[in-house]
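Following: one structure in C-alpha cells, then a few remarks.
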Amino acid sequence: MPVLEVKNLKKSFGQNKVLKGVNLTLEKGEVLAVIGSSGGGKTTLLRCLNFLEIADEGEIIVDGEKVFYIGDDGKPHVPNNGGEYMGLVFQQFNLFPQYSVMDNLTLAPRLAAKRCPDYKENKKSIIEQIESQAREILAATGLSEKHSAYPCQLSGGQQQRVAIARALMMSPKILCFDEPTSALDPELTGEVLKVIRSLKDSNRTMVIVTHEMEFARNVADKVIFVADGIIEEEGTPEEVLSNPKSEKIKHFLSVLKKDEI
Amino acid sequence: MDQFLGVTGNLLLGFAENMKLFFATLLFAIPLGLIIAIFLLSKFKPLKALFEIIVWIVRGSPLMLQLFVVFYVPGILFDMPMRNRFLAALIAFVINYACYFAEIFRGGIISIPQGQSEAGKVLGMTKSEIFFKVTLMQVVKRIVPPMGNEVITLVKDTSLARVIAVSEVIMSATEYSAVGIIWPLFYTGAFFLLFNGLLTILLGKLENKLDYYKG
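Residue numbers (our numbering), protein chains in the order written: chain V, 25 to 285; chain S, 31 to 245.
This is the structure we're talking about:
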C-alpha cells in the first residue's frame, strides 16, 4: 500500500488555475523530487499537501486513510491533525526567533501533549520524553551544542537544520521540503543536503521541491516535472533528467545548464 | 519654605489623581485595544467596518470633546447623569487610548511574517496557540517603542481631565493662580517630567530585556 496517494488534485486562485489535476503515489521510504520552473505549481502542490492551501478538488490519502477529500456537500474535508501526516520545511526556515533551538523543537509537541486529557498526571515524564527526543534529533542533525542558542545566532545552514529537526519532532508520515536550500549561500547547502540524505538512509518518505538537479538525481527515487499545473513528466531521475521526452522539460533543463556555465 | 511644602503636598494630591487615571487607563485600554485590534483584522467585513468607523471617530475627534460627551451625554439623552467625574474621565480615556493601542497592535500583528503562523500550523498548533505562543511575543517586541510613545502621551493627557473638574494636578495649581500665585502652575511640569523620566528608563529596560533575539 502506498504511503501517499494524491488523486486529481486541483486548485485555482480566482481565475488562475494553478493545479489542473495532479495524481501521484509514493511508497514508504521513497523520495520524490518535484522540479519545474517557478509559477508552474510546485509550491502550491506542496502547500496543498500540507493543508496550508485548501485544494478545490481531489483526494489526499495517507497510509490508506483518506485525509483530504471533498465531502458530499461539496465542502473540503481537512484533517485538524494534519501535522501527524505531513511535515513541512520552508524555504525561509520560519524558526520562532524568540525561542531557543530546544524550545523551537519542543514547543509544538508540548502544546500537543497539553491538549491530552492525561497530561496533568504525567506532566513530568511527558516533558522529559519530549526533551530527550529533541536531544536525540539534535544529535542526529549535528546540532547538539546549539541547543540553547537562538535562531539569530545561527548560520542559515544551521537554521535550516533546526527547521528539519523541528519538523521531525512531530514524526510526520511524510516530510516535505519547499526549496530547502534556495535561501542559503552556496557553501551552506551541502550541510543541509547531507541531513536530507541521512533521512533517506533512515527510510523516511519525503517530497522535495528543489532546484538542485544533481541532488535530485542522487537522492530521489522518483522525479516529477510540474508545468502549467500538471505533471508533465515523471519517472526515475535517470528517465526524467537524462532522457526527457517532452519539449518543456528539455527546455527547462537546457536553461538550467546554461545558468550553470 | 512652608508655602513650598504646602503647595508640593497639594500638588502631590492632585498628581495622585493623574496617576490613578493613568494606571487605570492602561489596565483597561491594553486588553480592550487587543480585542479591537482583533476585530480590525477580522475577515468578517461588517465587524471590521464597524470598528474602523469607531476608531476613526475616536482618533479623529479631540479627547477633550470626548470627555464632555462621556460626562454630559448620559444625563442629556438617557436621564442618567454621570455623578462620578473620575469614572467619566476613565471611560473616555480607556476608549480613546484603546483605539490608539488597537492600531499599534494591528500594525504589530500584520508585521509578523506569515511564515511564522504557517510554521505553527504545519506543526499542528491551534489558532490560539499560534497567536499566544508564536505571534504575540514577537508583536510585543515590535510595539514597545510606539507603545512607549503613547504611554508617555497618556501621562500628560491625564491633565485634560480637569475639563470635567477632576481635581488633577494642574487643576490644583490653578487654585493658586486664581489668587495670584502663579509659580505652582509651572511647578506641575516637574511632576510630569519626573514621572516620564522614570517611565523612559523602565521602557528602555524592557527593550533591552527583549533584545536577546532578533526578528
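Where is the CB? At the ideal position from N, CA and C, for every residue including glycine.
On a predicted model such as this, the values are computed, not experimentally measured, just so you know.
From the beta carbon of residue i, is the nearest beta carbon of chain S less than 7 Å away?
i, result
"residue 184 of chain V", "no"
"residue 153 of chain V", "no"
"residue 176 of chain V", "yes"
"residue 141 of chain V", "no"
"residue 120 of chain V", "yes"
"residue 114 of chain V", "yes"
"residue 107 of chain V", "yes"
"residue 25 of chain V", "no"
"residue 137 of chain V", "no"
Tell me whether the beta-carbon of residue i lies closer than 7 Å to the beta-carbon of residue j.
i, j, result
"residue 180 of chain V", "residue 208 of chain V", "yes"
"residue 54 of chain V", "residue 229 of chain V", "yes"
"residue 20 of chain V", "residue 148 of chain S", "No statement about residue 20 of chain V is possible, as the shown extent of chain V runs from 25 to 285 and does not include it."
"residue 145 of chain S", "residue 107 of chain V", "no"
"residue 194 of chain S", "residue 115 of chain S", "yes"
"residue 199 of chain S", "residue 216 of chain S", "no"
"residue 128 of chain S", "residue 68 of chain S", "no"
"residue 93 of chain S", "residue 236 of chain S", "no"
"residue 35 of chain V", "residue 83 of chain V", "no"
"residue 238 of chain V", "residue 248 of chain V", "no"
"residue 135 of chain V", "residue 159 of chain S", "yes"
"residue 202 of chain V", "residue 67 of chain V", "yes"
"residue 142 of chain S", "residue 168 of chain S", "yes"
"residue 129 of chain V", "residue 158 of chain V", "yes"
"residue 86 of chain V", "residue 109 of chain V", "yes"
"residue 58 of chain S", "residue 99 of chain S", "no"
Between residue i and chain V, is there a C-beta pair that is closer than 7 Å?
i, result
"residue 75 of chain S", "no"
"residue 164 of chain S", "yes"
"residue 244 of chain S", "yes"
"residue 138 of chain S", "no"
"residue 149 of chain S", "yes"
"residue 153 of chain S", "yes"
"residue 237 of chain S", "no"
Would you mind working out which of the options sits nearest residue i, comparing C-alpha positions?
i, options, result
"residue 199 of chain V", "V/70, V/26 and V/30", "V/70"
"residue 130 of chain S", "S/158, S/176 and S/160", "S/176"
"residue 73 of chain V", "V/275, V/37 and V/112", "V/112"
"residue 162 of chain S", "S/111, S/64 and S/49", "S/64"
"residue 41 of chain S", "S/225, S/242, S/218 and S/239", "S/218"
"residue 72 of chain S", "S/164, S/132, S/226 and S/167", "S/132"
"residue 185 of chain V", "V/218, V/103, V/270 and V/264", "V/218"
"residue 188 of chain S", "S/83, S/207 and S/122", "S/122"
"residue 279 of chain V", "V/48, V/61, V/47 and V/29", "V/61"
Measure how close the beta-carbons of residue i and residue j come, nearest whole angstrom, since I'm counting them as under 8 Å.
i, j, result
"residue 229 of chain S", "residue 181 of chain S", "6 Å"
"residue 192 of chain V", "residue 150 of chain V", "That belief does not hold up - the Cβ atoms of residue 192 of chain V and residue 150 of chain V are roughly 18 Å apart, past 8 Å."
Could you check what DSSP says for residue i in three-state terms: helix, strand or coil?
i, result
"residue 140 of chain V", "coil"
"residue 196 of chain S", "coil"
"residue 30 of chain S", "One cannot answer for residue 30 of chain S here, as it falls past the ends of chain S, which runs 31 to 245."
"residue 101 of chain V", "strand"
"residue 36 of chain V", "strand"
"residue 81 of chain S", "helix"
"residue 49 of chain V", "strand"
Does the beta-carbon of residue i, which I'm using as the reference point, lie nearer than 6 Å to any heavy atom of the ligand ZN?
i, result
"residue 156 of chain S", "With respect to the ligand ZN, the structure offers nothing, as it holds no ligand at all."
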